Amino acid sequence: MRIDDQFEYTVTLSDKSALTHWNNTILAFLAHSAATPEHLAKTLEADPDFALAQAARGLFCLLLGRREMTATAFEAYAIADKCRRDTQITDREDAVVEALNDWLQGTPTKSADRLDELLLKYPRDAFLLKLVHAIRFVLGQPSRMRSSIESVISSYEDDHIAKGYVHGCYSFALEETGDFDRAERIGKEAVAFQHDDAWGLHAVAHVLDMTGQTEEGIKWLDDQPKAWEHCNNFGYHVWWHLALLHLDRGNVERVFELYDQKFRKDHTDDYRDISNAASMLVRLELEGIKVGNRWEELASISEKRVDDSCNVFADLHYMLALLGDNRRQSSDRLLTRMRTFGEQDTNEMGLVTKTAGSPTASGLMQFKNGNYFSAYHHLAEARPLLRTVGGSHAQRDVFERLTIEAALRAGLCQEAKRMIDERTRLRGGSDTYGETRMAQATRMTEATDLMQSEHLRFRMG
1199 MRIDDQFEYT
1209 VTLSDKSALT
1219 HWNNTILAFL
1229 AHSAATPEHL
1239 AKTLEADPDF
1249 ALAQAARGLF
1259 CLLLGRREMT
1269 ATAFEAYAIA
1279 DKCRRDTQIT
1289 DREDAVVEAL
1299 NDWLQGTPTK
1309 SADRLDELLL
1319 KYPRDAFLLK
1329 LVHAIRFVLG
1339 QPSRMRSSIE
1349 SVISSYEDDH
1359 IAKGYVHGCY
1369 SFALEETGDF
1379 DRAERIGKEA
1389 VAFQHDDAWG
1399 LHAVAHVLDM
1409 TGQTEEGIKW
1419 LDDQPKAWEH
1429 CNNFGYHVWW
1439 HLALLHLDRG
1449 NVERVFELYD
1459 QKFRKDHTDD
1469 YRDISNAASM
1479 LVRLELEGIK
1489 VGNRWEELAS
1499 ISEKRVDDSC
1509 NVFADLHYML
1519 ALLGDNRRQS
1529 SDRLLTRMRT
1539 FGEQDTNEMG
1549 LVTKTAGSPT
1559 ASGLMQFKNG
1569 NYFSAYHHLA
1579 EARPLLRTVG
1589 GSHAQRDVFE
1599 RLTIEAALRA
1609 GLCQEAKRMI
1619 DERTRLRGGS
1629 DTYGETRMAQ
1639 ATRMTEATDL
1649 MQSEHLRFRM
1659 G
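Residue numbers (my numbering): 1199 to 1659.
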């Protein structure tokens, strides 16, 4: 049977009761709710031949960035493909099934492009919008993420059930493309409209962090804890943002409190949770702060992911964890695997691994070994392409800090100052890290100039 969903677009079902569960799945997905898998499971329990829901299951699995979930995604595609051959489904549903196949064939950008084309035909489908938003985020395509939403944003007025969520996505896309004022305004409006819009809430936190409004950022998150209490592990990420803001203020005890009691309280193995923790520990260590034995559990989890080869952003954070706990054999193995994969794989992930992942991983290893000039060389090589590993500016900033730190420790003061200036311009404001490192680079430059002047005076005298 054919019936309209909550966005007034047709879906093909064999059991009408699946519709309520499907609508709930979409709203939960938009809200980053922990209930999303439960709603999807109920949908498929009611109608296992629902091709669109099977395709969604496969795409959700791929977004998890875990090797074992790829097999589940293939299984979901096989079921969805059989469903569409056995039953005449809509063009919209068929295109989502094909988007899953695109990604499974190693071309996630083609998957996102297909969904964007589909969104133009079905502009009020917030599920499509959020799905392509998530894929573009993983691929490090902020401009495409923004243009995707801007092509349909006029369809989301007060009468649309997902207006707040969609505007929260728009806020994040604006922030990632440097339009900070609009991002803050639209993000706050989104949260006011949809109180559980955790993505919009976090988009505003990004703005306040990037533009140096640290105290405002802390207050923004402190005042709205219920906005993300319903979340899946994305809730950990919001707590991580709060810790970032406190780190900028030098509130180290609060950072450790948030680490131990909030975003790393549960020793989960999701790569996004590992990235939260590993990048925070690196930031702390760069400030000369001892982190105790916190690296150990991260490294133990990361060792089990050395051969995953399905997300470069994840690989780099596994490398941070392995190096942080001095797991030399495992970090060597990960680097070798990344280099081999980058040379042999001809799909998108292979190219990203070769051009951005492997050089960065090499730089991280050289930094750990104290070879700072070599570390800077590798990290700087990857720096222009690092966006392609995915994630946000705030998440990738840990690699920016390490590149600057390598330059300073190698005595490359001018290179360090140039990168600090570029980083500040990108962020739209200064932060404590940038200010302290610029002061350090300036002192080093002045000391070098003084030594050269004294040497010249001695020779002339």
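Quick reminder that beta carbons are idealized off the backbone N, C-alpha and C, glycines included.
These numbers come from a predicted model, not from an experiment.
Mind checking which residues open and close the beta strand (DSSP E) that includes residue i?
i: VAL1209; result: 1208-1210
i: ILE1201; result: 1200-1202
Hey, out of the options, whose CA is closest to residue i's CA?
i: HIS1331; options: TYR1368, TYR1320 and LEU1479; result: TYR1368
i: ASN1509; options: LEU1211, GLU1243, GLN1303 and LEU1262; result: LEU1262
i: ILE1351; options: ALA1614, ASP1323, ALA1233 and PHE1335; result: ASP1323
i: GLY1362; options: LEU1225, VAL1209 and ALA1645; result: LEU1225
i: ARG1447; options: GLU1414, PHE1461, LYS1424 and MET1642; result: GLU1414
i: ALA1271; options: THR1285, GLY1632, GLU1296 and ARG1283; result: GLU1296
i: THR1630; options: LEU1326, GLN1411 and LYS1280; result: GLN1411
i: ARG1492; options: PHE1205, TYR1469 and HIS1465; result: HIS1465
i: SER1660; options: MET1547, GLY1548, SER1500 and ALA1614; result: This structure cannot settle anything about residue 1660, because the visible part of the chain is limited to 1199 through 1659.
i: ARG1344; options: GLU1355, LEU1445 and LYS1328; result: LYS1328
i: ASP1668; options: GLN1422, ASP1467, SER1349 and ARG1641; result: The structure shown does not extend to residue 1668, since the chain is modelled only from 1199 through 1659, so no value can be given for it.
i: LEU1302; options: ASP1314, LEU1313 and ALA1269; result: ALA1269
i: THR1640; options: SER1628, LEU1610 and PHE1370; result: LEU1610
By the DSSP assignment, the alpha helix (DSSP H) with residue i in it spans what residues?
i: ILE1472; result: 1469-1484
i: ARG1383; result: 1378-1391
i: ILE1602; result: 1591-1607
i: ALA1578; result: 1570-1580
i: ALA1232; result: Where ALA1232 is concerned, there is no enclosing alpha helix (DSSP H), given that its DSSP letter is neither H nor E.
i: GLU1413; result: 1412-1420
i: PRO1557; result: 1556-1566
i: LYS1552; result: Looking at the DSSP string, LYS1552 is not in any alpha helix (DSSP H), and its letter there is neither H nor E.
i: VAL1504; result: Segment: none, VAL1504 is in no alpha helix (DSSP H) and carries neither H nor E.
i: ASP1629; result: No alpha helix (DSSP H) contains ASP1629, which DSSP labels as neither H nor E.
i: GLN1542; result: 1526-1542
i: CYS1367; result: 1361-1374
Are the beta-carbon atoms belonging to residue i and residue j less than 8 Å from one another?
i: THR1365; j: SER1231; result: Reading the sequence as shown, one finds His at residue 1365 and not Thr. In this structure, SER1231 does not lie closer than 8 Å to HIS1365 by Cβ.
i: SER1353; j: PRO1306; result: no
i: ALA1396; j: TRP1437; result: no
i: SER1556; j: GLY1568; result: no
i: ALA1475; j: LEU1496; result: yes
i: VAL1450; j: ILE1487; result: yes
i: ARG1531; j: VAL1550; result: no
i: GLY1376; j: GLY1385; result: no
i: TYR1275; j: LEU1298; result: yes
i: LEU1514; j: ALA1441; result: no
i: GLY1561; j: LEU1583; result: no
i: LEU1211; j: THR1223; result: no
i: PHE1227; j: THR1234; result: yes
i: SER1157; j: VAL1336; result: The requested residue 1157 does not occur in the structure, where the chain is confined to residues 1199 to 1659.
i: ALA1605; j: MET1617; result: yes
i: SER1346; j: LEU1317; result: yes
i: HIS1444; j: ARG1452; result: yes
i: ARG1470; j: ASN1431; result: yes
i: PHE1248; j: ALA1216; result: yes
i: ALA1229; j: ALA1253; result: no
How many angstroms separate the CA atom of residue i from the CA atom of residue j?
i: PHE1378; j: LEU1372; result: 7 Å
i: ARG1264; j: ASP1506; result: 7 Å
i: THR1553; j: VAL1587; result: 10 Å
i: ILE1472; j: SER1498; result: 11 Å
i: GLN1459; j: GLU1236; result: 26 Å
i: ARG1537; j: PRO1340; result: 26 Å
i: ASP1311; j: ASP1420; result: 38 Å
i: ARG1635; j: GLY1256; result: 45 Å
i: ARG1607; j: GLY1304; result: 39 Å
i: ARG1290; j: GLU1579; result: 42 Å
i: VAL1489; j: GLU1598; result: 21 Å
i: GLU1382; j: GLY1626; result: 13 Å
i: MET1408; j: ASP1284; result: 51 Å
i: GLN1638; j: ARG1535; result: 37 Å
So is the beta-carbon of residue i under 7 Å away from any non-hydrogen atom of the ligand SAH?
i: ARG1623; result: Annotation note on the ligand SAH: not contained in the displayed structure, which lists no ligands.
* Is there contact here, the stretch 1584-1599 with the stretch 1396-1411, by at least three beta-carbon pairs under 8 Å? -> Contact holds: three or more Cβ-Cβ distances are below 8 Å.
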